[in-house]
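Visitor: Structure in structure tokens, see below.
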Amino acid sequence: KPSSSVDQQGFQCGQKALRPRF
Amino acid sequence: IVGGEFTEVENQPWFAAIYQKNKGGSPPSFKCGGSLISPCWVASAAHCFIQLPKKENYVVYLGQSKESSYNPGEMKFEVEQLILHEYYREDSLAYHNDIALLKIRTSTGQCAQPSRSIQTICLPPRFTDAPFGSDCEITGFGKESESDYLYPKNLKMSVVKLVSHEQCMQPHYYGSEINYKMLCAADPEWKTDSCKGDSGGPLICNIEGRPTLSGIVSWGRGCAEKNKPGVYTRVSHFLDWIQSHIGEEKGLAF
Numbered sequence: 001k002p003s004s005s006v007d008q009q010g011f012q013c014g015q016k017a018l019r020p021r022f
Numbered sequence: 001i002v003g004g005e006f007t008e009v010e011n012q013p014w015f016a017a018i019y020q021k022n023k024g025g026s027p028p029s030f031k032c033g034g035s036l037i038s039p040c041w042v043a044s045a046a047h048c049f050i051q052l053p054k055k056e057n058y059v060v061y062l063g064q065s066k067e068s069s070y071n072p073g074e075m076k077f078e079v080e081q082l083i084l085h086e087y088y089r090e091d092s093l094a095y096h097n098d099i100a101l102l103k104i105r106t107s108t109g110q111c112a113q114p115s116r117s118i119q120t121i122c123l124p125p126r127f128t129d130a131p132f133g134s135d136c137e138i139t140g141f142g143k144e145s146e147s148d149y150l151y152p153k154n155l156k157m158s159v160v161k162l163v164s165h166e167q168c169m170q171p172h173y174y175g176s177e178i179n180y181k182m183l184c185a186a187d188p189e190w191k192t193d194s195c196k197g198d199s200g201g202p203l204i205c206n207i208e209g210r211p212t213l214s215g216i217v218s219w220g221r222g223c224a225e226k227n228k229p230g231v232y233t234r235v236s237h238f239l240d241w242i243q244s245h246i247g248e249e250k251g252l253a254f
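Residue numbers (our numbering), protein chains in the order written: chain U, 1 to 22; chain H, 1 to 254.
Here it is, written out as structure tokens:
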């Protein structure tokens, strides 16, 4: 599955530190 | 949120708590939810701000699990720009083009910094949504029952299913109040739903394997009422508007 890449500010959209519920 | 469960913001780290400042030094009052879509921008609902559309009246917090109290790791922001959709309007029941953007900055001029409790949410591909029937998450500090007087102090979340337009446009649902720039979502047993105070907050669906901001809490008849789903601004139909106001595409979490 595709995952978002880390942007310049260190954000990675949609990524939770906790385990996702999906 | 009616039903659902209490949660920590680490489980919804894009959730933004938007407060309205009060005069006379009393603490700000919780106004609406929002979602961090890029380090400097929060998406929310226009109806939250239409009566007082001045940026100076609002303050935004990221990383809050508890409303109106200090949360370790939280960040506080002033609103540098408040942009309401130019075609926002209200019908007897429905809100149209119910979307707003808030540009945020700290008192030292910074945008958001990523952490365990602060993260951006992905935006959907243009005109693309999760299939009807998909499970999606809703989050907010809104009422647990429409008849409640008090609002919960802790963040709640729940899971609802996307309802097709065909279904939501049925006369015993919302009929012609619904259009294709809105999304309906509900619990098949009508036990959980967004409610008053959840406005502006996220409806997060899995699209192409990524948690994605598919909707913004907008309106509905009552809360968790039979045949009356929650109605959400359909973010996939507002990407051009978002991009035109935020400007730089590279700052957006597509």
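Just so it is clear, CB atoms sit at the ideal spot from N, CA and C, and this is done for glycine as well.
Note that the structure is a prediction, hence the values are computed from the model and not measured.
Along the segment 26-51 of chain H, what residues have a CB closer than 7 Å to any CB found in chain U?
Guide: 39
Visitor: If you run the structure through DSSP and keep just helix, strand and coil, what is residue 218 of chain H?
Guide: strand
Visitor: Using C-beta distances below 7 Å, list every residue in its chain close to residue 154 of chain H, excluding the 5 sequence neighbours before and after it, in chain order.
Guide: 6, 65, 66
Visitor: Identify each residue in the segment 182-215 of chain H for which the Cβ-Cβ distance to at least one residue of chain U is less than 7 Å, and report them in chain order.
Guide: With the criterion set as a beta carbon lying under 7 Å from some beta carbon of chain U, the members of the segment 182-215 of chain H are 206, 208, 209, 210, 211, 212, in sequence order.
Visitor: Can you give me the Cβ contacts of residue 218 of chain H inside the same chain, cut-off strictly under 6 Å, excluding the 5 residues immediately before and after it?
Guide: 45, 95, 98, 231, 232, 233
Visitor: Do residue 106 of chain H and residue 36 of chain H have their C-beta atoms closer together than 8 Å?
Guide: no
Visitor: Between which residues of its own chain and residue 1 of chain U is the CB-CB distance below 6 Å, once the five residues before and five after are set aside?
Guide: Because the pLDDT at residue 1 of chain U is just 44, under 50, the model does not fix this residue reliably, and the value given afterwards should be weighed accordingly. Counting only Cβ-Cβ distances below 6 Å, and skipping sequence neighbours, we find nothing.
Visitor: Taking any Cβ of chain U, which residues in the segment 10-21 of chain H have a Cβ under 9 Å from it, in chain order?
Guide: 10, 11, 12, 13, 14
Visitor: Alpha carbon to alpha carbon, how far is residue 222 of chain H from residue 77 of chain H? Give it in angstroms, no decimals.
Guide: 32 Å
Visitor: Taking Cβ-Cβ distances shorter than 8 Å, what residues in chain U pair up with residue 114 of chain H?
Guide: 9, 10, 11, 12
Visitor: Short check: CB of residue 34 of chain H to CB of residue 102 of chain H, under 8 Å?
Guide: yes
Visitor: Give the straight-line distance between the Cα atoms of residue 14 of chain H and residue 189 of chain H, rounded to the nearest whole angstrom.
Guide: 28 Å
Visitor: What's the C-alpha gap between residue 49 of chain H and residue 83 of chain H?
Guide: Pairing residue 49 of chain H with residue 83 of chain H, the inter-Cα distance amounts to about 10 Å.
Visitor: Using the beta-carbon count (16 or more within 10 Å), is residue 22 of chain H buried or exposed?
Guide: exposed
Visitor: Tell me which residues share the same chain as residue 11 of chain H and place their Cβ nearer than 8 Å to its Cβ, disregarding the 5 neighbours each side in the sequence.
Guide: 157
Visitor: For residue 250 of chain H, which three-state DSSP category applies?
Guide: Annotation note: pLDDT 48 at residue 250 of chain H (below 50); position unreliable, no value reported.
Visitor: Determine which residues of the segment 114-138 of chain H have a Cβ less than 9 Å from any Cβ of chain U, and write them out in chain order.
Guide: 114, 115, 116, 117, 118, 119, 120, 121, 122, 123, 135, 137
Visitor: For residue 135 of chain H, I'd like the list of residues in its chain whose CB is within less than 7 Å of its CB, leaving aside the five on either flank, ordered along the chain.
Guide: 159, 161
Visitor: Below 8 Å between beta carbons: does that hold for residue 212 of chain H and residue 10 of chain U?
Guide: No. Outside cutoff.
Visitor: Counting along the chain, where does the alpha helix (DSSP H) carrying residue 168 of chain H start and finish?
Guide: 165-168
Visitor: Roughly how many angstroms lie between the CA atoms of residue 39 of chain H and residue 12 of chain U, to the nearest whole one?
Guide: Roughly 11 Å separates the two Cα atoms.
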